[in-house]
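Below: the structure, in structure tokens.
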Amino acid sequence: MIVHFILPGETLQSISDEIKLENPKYLKEYHNEHCGRNERIGNELSPGKKLLIPDIVKIKEYNSRNDAPFKKRELNPALNFNPEGLQQKYQVRIIETNATENSPIKNSTTSFEVALQWIRKEDDQHIFHLSKDNIRSENGGKMGDLAAECIKALNPVEIRTNAKGKVLKISLTKEITERFQQIKERLSDLFPDQYAALYIEEFEYAVQNEKLFDERMKEDAFIRMYFTPIRNTFKNGVSIFDHFITYESIPVTIAQRVEDIHYTEEITLLQNLHYAQVQNDLDYTGKFTLYTKTGIVKNIEINYNISQYSVKYTTNLSVYEML
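When the sequence shown is numbered by the working numbering, its final residue is 432 and no position is left out of the sequence of numbers.
Dropping the structure here:
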């Protein structure tokens, strides 16, 4: 028997994964059989509390029962990605919050619409056009208006993905490239002050540098989440992929599972940090709803927070299909 003190973000599932116990119900069962009456646990774990963990002999005995939920076929779906003919609009909202012990909570909300269109397939790669419109930011001001105009001026950008929908490259369309000087002149006419001029110069530099443009666009919150490798192969009820969050591109490893085995036309995937990455200063949860037949995203709900230098930063990203 091992005594473990529960860390923030840990679950029966994540701890079972770490100790290679196939069915997490036995972790709860084992603890409650050996702990004091007042130390019993339910399905939700409380950080800081004691958890009794079985030894390897007992774990092997539990696993020999071969009744782990993840062995069910429904929990190991082969997710398709068939976007041919896609023309879809999404409503996106991003709420960012930062808080310290001695300061009031600061909120920033940004919303916009995304139009996504499948263009063609080249070998095993899909090509999409993506446009943003109706961009609104609560705290944007004049420079926020300029940023929004710069984004809209590039509509549509071209996104290239692999066969499973993971983004490979983002670039300007040929039409935008050819008339970029006209676009720049229009922006300068709309925003003639010196600070705007500096912003437009930096914008031009990023746009005309193909590699830099690709890197910057891959940091976009919508693109970063929508075109992740969510259709990776499932094994033992879980699909794992590398990802990154926040504008600082903090690397994380995400584990995702099927929410409900009784799916038909839609399938919902729940995400959290892989057990090897659970830590006090970082937390992540996600919920993706896909169309089962095509693998196209219907809705996304993502929440993550990170603590740095006594400041807690929280981000909520929601994406909803517009009918």
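Glycine included, C-beta positions come from ideal geometry on N, C-alpha and C.
Local conformation of residue i per DSSP, three classes
| i | result |
| --- | --- |
| residue 187 | coil |
| residue 392 | strand |
| residue 431 | strand |
| residue 295 | helix |
| residue 330 | helix |
| residue 177 | coil |
| residue 172 | helix |
| residue 68 | A question about residue 68 goes unanswered here, because the residues of the chain that appear run from 110 up to 432. |
| residue 121 | helix |
| residue 418 | coil |
| residue 352 | strand |
| residue 261 | helix |
| residue 139 | helix |
| residue 304 | helix |
| residue 221 | strand |
| residue 286 | helix |
| residue 335 | helix |
| residue 182 | helix |
| residue 245 | strand |
| residue 195 | coil |
| residue 325 | helix |
| residue 204 | strand |
CA-to-CA distance, residue j to residue i, given in whole angstroms
| i | j | result |
| --- | --- | --- |
| residue 85 | residue 292 | With the chain covering only 110 through 432, there is no way to say anything about residue 85. |
| residue 206 | residue 382 | 21 angstroms |
| residue 179 | residue 393 | 22 angstroms |
| residue 359 | residue 350 | 14 angstroms |
| residue 244 | residue 156 | 40 angstroms |
| residue 222 | residue 428 | 9 angstroms |
| residue 257 | residue 195 | 25 angstroms |
| residue 142 | residue 171 | 14 angstroms |
| residue 253 | residue 308 | 11 angstroms |
| residue 438 | residue 128 | In the structure displayed, the chain extends from 110 to 432; residue 438 sits before or after that span and is not available. |
| residue 118 | residue 390 | 10 angstroms |
| residue 302 | residue 269 | 36 angstroms |
| residue 273 | residue 204 | 29 angstroms |
| residue 399 | residue 377 | 6 angstroms |
| residue 402 | residue 290 | 43 angstroms |
| residue 248 | residue 374 | 40 angstroms |
| residue 409 | residue 197 | 14 angstroms |
| residue 330 | residue 145 | 47 angstroms |
| residue 418 | residue 295 | 42 angstroms |
| residue 282 | residue 321 | 16 angstroms |
| residue 368 | residue 137 | 20 angstroms |
| residue 242 | residue 255 | 13 angstroms |
| residue 152 | residue 120 | 8 angstroms |
Closer than 9 angstroms to chain B by CB, residue i
| i | result |
| --- | --- |
| residue 355 | Absent here is chain B; the protein component of the structure consists of one chain. |
8 angstroms contact criterion, which residue i and residue j should meet: CB distance rounded
| i | j | result |
| --- | --- | --- |
| residue 323 | residue 271 | Actually they are not in contact, since the Cβ atoms of residue 323 and residue 271 sit about 15 angstroms apart, beyond 8 angstroms. |
| residue 154 | residue 115 | 5 angstroms |
| residue 264 | residue 240 | 4 angstroms |
| residue 202 | residue 218 | 7 angstroms |
| residue 107 | residue 326 | In this structure the chain extends from 110 to 432, so residue 107 is not present and cannot be described. |
Cβ-based burial, residue i [other Cβ within 10 Å; buried from 16]
| i | result |
| --- | --- |
| residue 404 | buried |
| residue 380 | buried |
| residue 276 | buried |
| residue 431 | exposed |
| residue 231 | exposed |
| residue 126 | buried |
| residue 237 | buried |
| residue 122 | buried |
| residue 353 | exposed |
| residue 174 | exposed |
| residue 135 | buried |
| residue 334 | buried |
| residue 235 | buried |
| residue 112 | exposed |
contact_flag[the segment 270-287, the segment 311-323] where n(CB pairs < 8 angstroms) is 3 or more: The segment 270-287 vs the segment 311-323: in contact.
Cβ contact check for the segment 201-220 and the segment 157-164: 3 or more pairs under 8 angstroms: Taking one beta carbon from each stretch, the segment 201-220 and the segment 157-164 have fewer than 3 pairs nearer than 8 angstroms; the two do not touch.
Stretch pair the segment 416-428 + the segment 363-371: three plus CB contacts closer than 8 angstroms: These segments do not touch.
Inter-stretch contact at 8 angstroms, needing at least 3 Cβ pairs: the segment 405-417 / the segment 171-185: The segment 405-417 is not in contact with the segment 171-185.
The segment 187-201 / the segment 327-341 touching (three or more Cβ pairs under 8 angstroms): For the pair of segments examined, the segment 187-201 was found to touch the segment 327-341: the number of CB pairs separated by less than 8 angstroms reaches three.
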